[in-house]
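Structure first, then comments.
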Amino acid sequence: MENMHLTREEREEAFRWAEDSSWVEREDYREDPDYMDCVKDIIDSPVFQSMDQFMQHGDTTCKAHCIKVSYMGYCICRKFSWEYAEVARAGLLHDLFLYDWHTHAKETGEHFHGFTHPRTALDNAVKYYELTEKEKDMILRHMWPLTPIPPKSREGMVIIYSDKFCGLVETVARIKRWILFGFGKKSAA
Ligand SMILES: [Fe+2]
Ligand SMILES: [Fe+2]
1 MENMHLTREE
11 REEAFRWAED
21 SSWVEREDYR
31 EDPDYMDCVK
41 DIIDSPVFQS
51 MDQFMQHGDT
61 TCKAHCIKVS
71 YMGYCICRKF
81 SWEYAEVARA
91 GLLHDLFLYD
101 WHTHAKETGE
111 HFHGFTHPRT
121 ALDNAVKYYE
131 LTEKEKDMIL
141 RHMWPLTPIP
151 PKSREGMVII
161 YSDKFCGLVE
171 TVARIKRWIL
181 FGFGKKSAA
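Take 1 as the starting number for the sequence shown in the numbering used here and just add one per residue.
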């Protein structure tokens, strides 16, 4: 993959908005018409919106996590003049497994969510949306290197980077809030 170099300021900005979901809750991304042109059919659909009921990392929902990964991947690809539309779309759908993974193993006996959810997300995604082959590959391979086959495209690697970055920041943010304010509270307010 070509060198994906982000400046220190860009990384700090990415860290701030990965940590704080308020811009997602305010739907600030709707103010970016180019982004919305890429994703409107997905983001406004009931299936995508239903991810709001499932928690992903810390106190970030699957819906908020997917929007963060999608928008971060879109911004990175625009910066490097790479294909950004497919990253924006695959980012939204990469975790479309549509269940609560915290209780999934207990309810179903299926203990390998980390390995199996990319296939489940892809199966759901093709059921509800029109996807390119590249988008399908990005969704299916987003857990590399936990799953053995890497994505075929540099844009797929951008999804992997954005997903790991957001997942880590979301998890650590939850622990920080827990230490500072106590369990179950998002802030001091
Ligand atoms: Fe995932
Ligand atoms: Fe994810």
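All C-beta atoms in this analysis are idealised placements derived from N, C-alpha and C, irrespective of residue type, glycine included.
As the structure is a computational prediction, the values presented were derived from the model and not from experiment.
Quiz prompt | With 16 other Cβ atoms within 10 Å as the buried cut-off, status of A189 | solution = For A189, the pLDDT reaches just 31, beneath the cut-off of 50, and the residue's location in the model is therefore unreliable, leaving the point undetermined.
Quiz item: Just to confirm, does G167 get its C-beta within under 7 Å of one of the non-hydrogen atoms of ligand 2?
Solution: G167 Cβ: within cutoff of ligand 2.
Quiz item: In its own chain, which residues sit with a C-beta less than 6 Å from the C-beta of K63, not counting the 5 before and 5 after it?
Solution: Excluding five sequence positions before and after K63, the CB atoms of its chain that fall closer than 6 Å to its own CB belong to M51 and D52, given in chain order.
Quiz item: Looking at the unbroken alpha helix (DSSP H) that takes in F181, where does it start and where does it end?
Solution: R154 to F181
Self-check item: Closest by C-alpha distance to Y161, when choosing among C77, Q56 and D41
Solution: C77
Practice problem: Along the alpha helix (DSSP H) that carries E13, what are the first and last residues, could you check? | Solution: Per DSSP, E13 belongs to the alpha helix (DSSP H) from R8 to E19.
Quiz item: Under a three-way DSSP split, which group does A188 fall into?
Solution: The predicted model places A188 with a pLDDT of 37, which falls under 50 and marks its position as unreliable; any figure quoted below should be read in that light. Of the three classes helix, strand and coil, the one that applies to A188 here is coil, per DSSP.
Practice problem: Would you kindly check if the distance between the Cβ of C66 and the Cβ of L98 is under 8 Å? | Solution: C66 sits away from L98, with the two beta carbons spaced by 8 Å or more.
Quiz item: Count the other CB atoms within 10 Å of the CB of G109; is the residue buried (16 or more) or exposed (fewer)?
Solution: Flag for G109 reads exposed.
Quiz item: Looking only at its own chain, which residues have a Cβ that is under 6 Å from the Cβ of E19, when we skip the five neighbours before and after it?
Solution: V169 and A173
Quiz item: From what residue to what residue does the alpha helix (DSSP H) around I149 run?
Solution: Premise fails: I149 is in no alpha helix (DSSP H) and is neither H nor E.
Exercise. My understanding is that D137 touches P151, with C-beta atoms under 8 Å, so please give their C-beta distance in whole angstroms.
Key: 6 Å
Quiz item: Would the beta-carbon of H104 be found less than 7 Å away from any heavy atom of ligand 1?
Solution: no
Exercise. Report the rounded CA-to-CA distance for R89 versus E27, giving the unit in angstroms.
Key: Just so you know, the alpha carbons of R89 and E27 end up roughly 17 Å apart.
Quiz prompt | C-alpha distance - M143 paired with G114, whole-angstrom precision | solution = 8 Å
Exercise. Starting from the Cα of V158, find the closest Cα among I175, E130 and E135 and give me that residue.
Key: E135
Quiz prompt | heavy atom of ligand 2 below 7 Å from D163 C-beta | solution = yes
Quiz item: Just curious, the alpha helix (DSSP H) that R78 is in, first and last residue?
Solution: C62 to K79
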